[in-house]
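> The structure is given below, and queries will be raised subsequently.
Protein chains in written order, with my numbering: chain Z, 1 to 309; chain G, 310 to 550.
Here you go:
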């Protein structure tokens with residue numbers, strides 16, 4: 001079987017804006033590969049190039065061994081694509097949308113029903129409802145069904161969970177795990193850093209450049225600095241105090257804690273305590289933690305921005 | 310008087326009860342997180358509080374004004390920003406500030422002063438003459454927030470202000486929120502990032518049109534015996550099924 005996605009040295013600019021710069025990676029058979037980065041990082045541009053909707057300025061890419069430029073027609077038949085913006089027909093019902101997409105691909109809903117069944121049963125009670133009147137989570141499930149109805153070899157999902165509540169997001173990722181087990185290679189993008197942990201491998205992307213490609217576990221392990229979680233009763237005052245402390249390397253809010261790294265690492269702790277004690281923070285606590293993906297991303301963002309463009 | 314007070318606030322669309330008798334109050338200078346799953350009724354509630362939608366029953370006062378009879382006064386006294394619509398992309402940064410200043414009835418002199426202050430605070434002096442469309446999303450959102458409070462409203466409503474924004478800018482955005490709250494501005498914010506729920510003074514969680522939980526993040530975690538706000542949210546949503 002051919003490698004599902006190969007991207008080699010892809011560049012794309014829009015005027016003066018470098019949307020993608022020197023992008024290379026491979027998605028292997030049966031792999032759930034995450035493209036993790038904020039809005040404007042270049043994720044959608046890359047999706048559009050790989051789904052043959054946009055031409056790169058430079059570089060090559062193939063999907064299942066087919067070239068994205070020469071073999072664009074063949075690629076369109078074998079990929080499922082869920083664009084970032086909801087792109088189904090709002091005035092067609094759930095059922096009509098699904099049949100429409102099946103027909104376009106010269107197949108029927110029945111032919112590949114086993115693939116979509118699990119997802120479709122959840123929206124089946126609303127099958128007579130116009131797609132435009134569905135809730136966010138439902139729209140997504142329908143869009144996923146429509147992207148799967150022709151049994152694609154490779155699935156492209158561009159920010160399927162953006163703006164979706166945490167519960168629906170979790171359900172959506174559970175579905176992706178099961179699709180993966182059916183042998184479909186999946187490229188999925190997301191701005192939610194926590195979702196990176198659910199991928200086999202991820203590429204972190206920012207300003208059109210890849211910051212790192214690896215398994216989420218390896219990315220976390222590469223974070224070499226000791227990190228602490230810190231909190232106090234008045235978090236706003238604490239974060240301000242920590243930011244002006246000369247020994248602070250980085251200090252970011254993370255839920256109920258601040259995540260802190262020090263310029264001198266563990267050796268800087270005494271100095272920090274001496275600095276904080278006279279400030280009398282109530283309910284102060286500090287303990288050592290392992291960095292997460294979001295910490296790694298921010299660290300990479302910072303090192304990247306120090307380098308000349 | 311608390312800047313937001315609701316009592317049994319309800320909105321029905323035909324037979325469907327989108328917002329079901331919600332009762333709560335928000336204090337001055339408080340950062341109030343308004344959470345709930347998609348379709349739980351958050352947007353409907355928010356539209357009523359902003360004077361954009363007439364409730365079916367119940368009462369609510371925002372900035373001291375009644376949502377039934379004084380909706381225009383409410384609109385003048387609140388700030389609003391959302392992820393979807395905020396600024397005019399085809400106007401320059403400076404022009405957007407001037408436009409919104411004008412909409413809120415600020416004098417030319419005030420607009421001029423505010424423009425200088427705002428650009429300085431956001432360190433965007435160099436971008437003043439750029440089109441908003443050319444700015445990165447994170448900058449747009451920071452600018453959009455600052456413009457939403459340009460007329461010094463007592464309350465600002467933020468509807469998923471940080472969706473899709475990179476992790477560093479997302480945190481800088483919260484710095485702006487904290488700073489506004491410390492000046493006494495009341496902040497009413499919705500988000501799907503559960504770590505951000507922790508930054509709120511109090512959080513309410515809506516399930517099926519009702520407020521199912523309301524407290525400080527810490528007490529909610531205790532109440533639901535949960536590790537994080539994410540856990541609290543998942544527990545509430547599962548309970549529903």
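We put the beta carbon where it would ideally sit given N, CA and C, even for glycine.
Given residue 123 of chain Z, which residues of its chain have a CB within under 7 angstroms of its CB, disregarding the five upstream and five downstream residues?
Correct list, in chain order: 94, 138, 141, 142.
> Determine whether the Cβ of residue 460 of chain G lies closer than 9 angstroms to any Cβ atom of chain Z.
For residue 460 of chain G, the answer is no, since every Cβ of chain Z falls outside 9 angstroms of its Cβ.
> For residue 201 of chain Z and residue 153 of chain Z, what's the separation of their Cα atoms in angstroms?
About 19 angstroms.
> Taking just the CA atoms, how far does residue 357 of chain G sit from residue 456 of chain G?
The alpha-carbon atoms of residue 456 of chain G and residue 357 of chain G are separated by roughly 22 angstroms.
> If residue 229 of chain Z sits next to residue 257 of chain Z, beta carbons under 8 angstroms apart, how far is it from one beta carbon to the other, in whole angstroms?
Yes, residue 229 of chain Z and residue 257 of chain Z are in contact; Cβ-Cβ is about 4 angstroms, under 8 angstroms.
> For the beta strand (DSSP E) that residue 320 of chain G lies in, which residues bound it at each end?
313-322 is the extent of the beta strand (DSSP E) around residue 320 of chain G.
> Near residue 381 of chain G, which residues of its chain fall below 6 angstroms by C-beta distance, leaving aside the five closest residues on each side in sequence?
Hits under 6 angstroms: none found.
> Starting from residue 412 of chain G and walking both ways along the alpha helix (DSSP H), at which residues does that stretch end?
It spans 402-412 - the alpha helix (DSSP H) in which residue 412 of chain G sits, taken as one unbroken run.
> Let's test the definition: count the other Cβ atoms within 10 Å of the Cβ of residue 308 of chain Z and tell me whether it reaches 16, buried, or not, exposed.
Only weak support exists for where residue 308 of chain Z lies, its pLDDT of 40 falling under 50; the value from the coordinates is given anyway. Exposed.
> Interface residues of chain G around residue 381 of chain Z at Cβ under 8 angstroms?
Residue 381 of chain Z lies beyond the range of chain Z shown here (1 to 309); nothing can be said about it.
> How many Å lie between residue 501 of chain G and residue 472 of chain G at the Cα?
If you take the alpha carbons of residue 501 of chain G and residue 472 of chain G, they lie about 8 angstroms apart.
> Whole angstroms are fine: how far does the CA of residue 317 of chain G sit from the CA of residue 490 of chain G?
Each residue's alpha carbon lies about 27 angstroms from the other.
> Within this structure, are the beta carbons of residue 533 of chain G and residue 343 of chain G separated by less than 9 angstroms?
No; because the gap between Cβ atoms is not below 9 angstroms, this pair is not in contact.
> Considering residue 482 of chain G, what are the terminal residues of the alpha helix (DSSP H) in which it resides?
That run of the alpha helix (DSSP H) goes 476-491.
> Is there a Cβ from chain G that is less than 9 angstroms from the Cβ of residue 94 of chain Z?
So no, residue 94 of chain Z is outside the interface.
> Just to make sure I have the definition right: I need the residues of chain Z whose C-beta is within less than 7 angstroms of the C-beta of residue 312 of chain G. Which are they?
Here the premise fails: no neighbours, minimum Cβ distance about 20 angstroms.
> Can you find a C-beta in chain Z that's less than 9 angstroms from the C-beta of residue 333 of chain G?
No, residue 333 of chain G lies away from the interface with chain Z (no Cβ there is under 9 angstroms from its Cβ).
> What are the residues in the region 113-147 of chain Z lying within 7 angstroms of chain G by C-beta distance?
Of all residues in the region 113-147 of chain Z, 135, 136, 137 have a Cβ within less than 7 angstroms of some Cβ in chain G.
> Report the CB separation of residue 293 of chain Z from residue 193 of chain Z in whole angstroms; it is logged as a contact under 8 angstroms.
The Cβ separation is near 5 angstroms, so the contact holds.
> Let me confirm a value: residue 147 of chain Z is counted as buried when at least 16 other C-beta atoms fall within 10 Å, else exposed. Which label applies?
Under this definition residue 147 of chain Z is a buried residue.
> Would DSSP call residue 1 of chain Z helix, strand or coil?
Residue 1 of chain Z falls in the coil class under three-state DSSP.
> Am I right that residue 397 of chain G and residue 441 of chain G are in contact with their C-beta atoms under 8 angstroms? What's the rounded C-beta distance?
Going by Cβ atoms, the distance from residue 397 of chain G to residue 441 of chain G rounds to 6 angstroms, so yes, they are a contact pair.
> Going by alpha carbons, who is nearest to residue 484 of chain G out of Z:191, Z:129, Z:253, Z:169?
The candidate whose alpha carbon is nearest that of residue 484 of chain G is Z:253.
> When you compare the region 11-30 of chain Z with the region 168-179 of chain Z, are there three or more beta-carbon pairs, one atom per stretch, that lie closer than 8 angstroms?
Cβ pair count under 8 angstroms is below three, so no.
> For a test of the three-state rule: what should DSSP assign to residue 163 of chain Z, helix, strand or coil?
Reduced to three states, the DSSP call for residue 163 of chain Z is coil.
> Counting only the same chain and skipping the five closest in sequence on each side, list residues whose C-beta sits under 7 angstroms from that of residue 360 of chain Z.
Here chain Z has residues from 1 to 309 only, and residue 360 of chain Z is not among them.
> Can you round the beta-carbon distance between residue 82 of chain Z and residue 160 of chain Z to whole angstroms, since I take them to be within the 8 angstroms contact cut?
Yes, residue 82 of chain Z and residue 160 of chain Z are in contact; Cβ-Cβ is about 6 angstroms, under 8 angstroms.
> Could you work out which residues of chain Z lie near residue 503 of chain G, taking near to mean beta carbons separated by less than 7 angstroms?
166, listed in chain order.
> CB residue 78 of chain Z to CB residue 64 of chain Z, shorter than 9 angstroms?
In contact: residue 78 of chain Z and residue 64 of chain Z (Cβ atoms closer than 9 angstroms).
> Taking 8 angstroms as the threshold, find out whether the region 85-102 of chain Z comes into contact with the region 51-62 of chain Z through three or more Cβ pairs.
With a cut-off of 8 angstroms, the region 51-62 of chain Z and the region 85-102 of chain Z do not count as touching, because too few Cβ pairs lie within range.
> Would you please verify whether the beta carbon of residue 48 of chain Z is less than 9 angstroms from any beta carbon of chain G?
Chain G contact via Cβ: absent.
> With 9 angstroms as the limit, tell me which residues of the region 506-524 of chain G have their beta carbon closer than that to any beta carbon of chain Z; keep them in chain order.
Of all residues in the region 506-524 of chain G, 506, 507, 508 have a Cβ within less than 9 angstroms of some Cβ in chain Z.
> CA-CA distance, residue 435 of chain G and residue 444 of chain G?
The alpha-carbon atoms of residue 435 of chain G and residue 444 of chain G are separated by roughly 12 angstroms.
> Please return the same chain residues whose Cβ sits closer than 8 angstroms to the Cβ of residue 359 of chain G, not counting the five positions on each side in sequence.
So the list reads 371, 383, 384, 387, 389, 466, once near-sequence residues are dropped.
> Chain G partners of residue 255 of chain Z, CB-CB under 9 angstroms?
The answer, in chain order, is 503, 504, 505, 506, 507, 508, 526, 537, 538, 539.
> Tell me the rounded alpha-carbon separation between residue 199 of chain Z and residue 459 of chain G.
Distance between the alpha carbons of residue 199 of chain Z and residue 459 of chain G is about 42 angstroms.
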